[in-house]
Amino acid sequence: MNNAWTQEYTRILLLIAGGLLIGLMTGYWVVAVLLPCSAYIGWTLVQLRAFERWIRRGAKAESAPNANGIWALIVQHVYRSQKRDTQHKNRLKQLLRRFESTISALPYATITLNEQQEIVWVNSAAAATLGVNKYIDEGQRIDNLVRKPELQNVINSADASTSIQMVSPVDNNIVLMVTCVTFGDNQKLITAKDISQILAVQKLRKAFISNASHELRTPLTVISGYLEMMSTDSQLPKGMGVLVDNAHEQSLRMVSILDDLLSLSKLVEKEALYSKDSGEPVDMIAIIDKLLIDHSQTGDHSQTGDSYTLESSLNAPIQIKGVETELYSLCENLISNAIKYSPPGSVVKIDWTVNAQGWAGLQVIDCGEGIAEEEIPRLTERFYRVNTVRDREVSGTGLGLSIVKHILENHGGYLDIQSELGRGSTFTAYFPVYRLL
Ligand code: ADP
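For what it's worth, our numbering labels the leading residue of the sequence shown as 4, then goes sequentially.
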């Protein structure tokens, strides 16, 4: 048994023994019972008072009451649990301080909002880019401080994490990438990163590609023209014919790379997608018919060329609100790829489909070599070509699908690629409902 309890029982036993002794000696049994009971209650009250005063003053070790028996044990328990609590609190405080100093050191503006969109916490970087100040603005509603509809949209977005680009409310030259993450009970964590320099470098790179391609195209066309003339010259020394032909072929390939690069930079320059109302009605059937004629001898909907069959199941009129030259280039790229990457004698089908969201898609289906699953996400990267023997033999720039992707993005659509090695591929260009007429 615990020592304190032994002490306490001994004390009670001694009091009972004292009472019995008084009763036997005096014969006053009432006094004999009351006296030890009152002594015990009185002593307990003194201990209780000391204990209450100690707790009230913060239960510090140095001012612990000089208790004994069961009261010493209670004081000990309270003191230990108090010590544990203090240690725990200190650890948490330290952790919080470390967390706060880490977040404060972040170069990005960081703000946390509560459910009412009031600022709970903000780091010092937020002052320079969002104009929100630590300590001063905490507790204020964010929309009272940053009056930007884009920011409000991203905060109100139902997605758990959304990002937008917006001009800084503090400085018009700063472009911010703002990300809003929802956590806990609809609380928000907003980070804003200054991406002005990245955008400037991107702009410079685009301008460089566009200018370089433009400047290189003219001299290269001239060289290519001369090489063509030379290859047909009967006075060309023996053995030189093959070399000139080869040089001519390579110069034509470079011209076609420059042409693709120029088309791509024009598309990228437009940057944002066209507004929903922009664009002219484009007759997709007419485009497909023209391409069928270009790729074969006659203009029927089902054509058999020298080494492939082109079939179109498009009968009803299909009109899309968009830019005709771009939509033509999109169809041309998809159809010529299907032909290029299919073995002689195979069939290429052109079809129209509608997905679950009602988006319409132009499908180009081939039974060619197909594409490995891991290659599919990379196909729309610039200059990416699948490294197969056939790809090395087939002429191409690796820019066609990148052009297709940009055209679709400009029109608010997307490219879907389904393929299986050895079985063929289906490329579907999806257009949003508002583009259909
Ligand atoms: P390229 O000028 O090389 O055709 P693209 O950007 O149009 O450039 O295509 C990128 C790569 O995607 C091609 O090199 C080819 O490997 C692959 N690809 C495109 N279309 C098909 C297809 N219909 N079937 C198989 N592979 C394809």
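Positions of the beta carbon are idealized from the N, C-alpha and C atoms, including for glycine.
Could you tell me the distance, in whole angstroms, from the CA atom of residue i to the CA atom of residue j?
i	j	result
Glu377	Ala319	36 Å
Ile368	Ala210	36 Å
Arg329	Asn176	Looking at the sequence itself, residue 329 is Glu, so the reference to Arg does not match. Going from the Cα of Glu329 to the Cα of Asn176 covers about 33 Å.
Thr29	Trp46	24 Å
Ala359	Ser166	26 Å
Gln97	Glu103	10 Å
Ile114	Gly142	12 Å
Leu440	Ala129	46 Å
Tyr12	Val125	60 Å
Tyr63	Ser171	Residue identity differs from the one stated: residue 63 is Lys in this sequence, not Tyr. Each residue's Cα considered, the two are about 53 Å apart.
Asn159	Thr194	15 Å
Gln10	Ile73	8 Å
Leu447	Ile290	Nothing can be reported for residue 447: it is not among the residues displayed for the chain, which extend from 4 to 440.
Ile145	Gly364	42 Å
Tyr43	Val123	55 Å
Asn147	His91	38 Å
Val247	Ser234	6 Å
Ser339	Leu219	26 Å
Phe434	Gly415	7 Å
His298	Gln322	22 Å
Gly371	Ser422	10 Å
Leu255	Glu396	16 Å
Gly308	Pro346	Unreliable placement is indicated for Gly308, whose pLDDT of 46 sits below 50; no coordinate value is reported for it.
Leu78	Glu55	Residue 78 is actually Val in this sequence, not Leu. Approximately 10 Å, taken between the alpha carbons.
Leu18	Ala67	27 Å
Lys137	Ser127	6 Å
Asp174	Asp197	11 Å
Ile25	Ile15	15 Å
Thr400	Tyr229	23 Å
In three-state DSSP terms, what is residue i?
i	result
Ser422	strand
Tyr311	strand
Gln366	strand
Lys63	coil
Ile323	strand
Val184	strand
Pro39	helix
Asp354	strand
Tyr433	strand
Thr301	Unreliable positioning characterises Thr301 in this predicted model, as indicated by a pLDDT of 37, which lies under 50. The coordinate reading is nonetheless provided below. It is coil, neither helix nor strand.
Ile198	coil
Pro284	strand
Thr47	helix
Ile443	No information on residue 443 is available, as it lies outside the stretch 4 to 440 that the chain covers here.
Arg150	coil
Lys96	helix
Ile374	coil
Ser213	helix
Ile15	helix
Ser190	The displayed chain sequence assigns Gln, not Ser, to residue 190. If DSSP states are grouped into helix, strand and coil, Gln190 belongs with the strands.
Arg438	helix
Gln85	helix
Gly427	strand
Val173	coil
Gln360	coil
Thr105	helix
Tyr417	strand
Ser278	coil
Val389	coil
Val407	helix
Gln168	strand
Val397	coil
Arg316	Reading off the sequence shown, one finds Ser at residue 316, where the question assumed Arg. Three-state DSSP puts Ser316 in coil, outside helix and strand.
For residue i, count neighbouring C-beta atoms within 10 Å of its own C-beta (all shown protein chains included) and say buried if the count is 16 or more, exposed if not.
i	result
Lys408	buried
Glu412	buried
Ser164	exposed
His251	buried
Met232	exposed
Gln119	exposed
Leu27	exposed
Ile201	exposed
Tyr344	buried
Gln366	buried
Ile58	exposed
Phe186	exposed
Ile353	buried
Phe430	buried
Pro222	exposed
Pro39	buried
Tyr31	exposed
Ser266	buried
* **Segments assigned alpha helix (DSSP H), at least 4 residues, entirely inside the segment 107 to 142** => Within the segment 107 to 142, the complete alpha helix (DSSP H) runs of at least 4 residues are 129 to 133.
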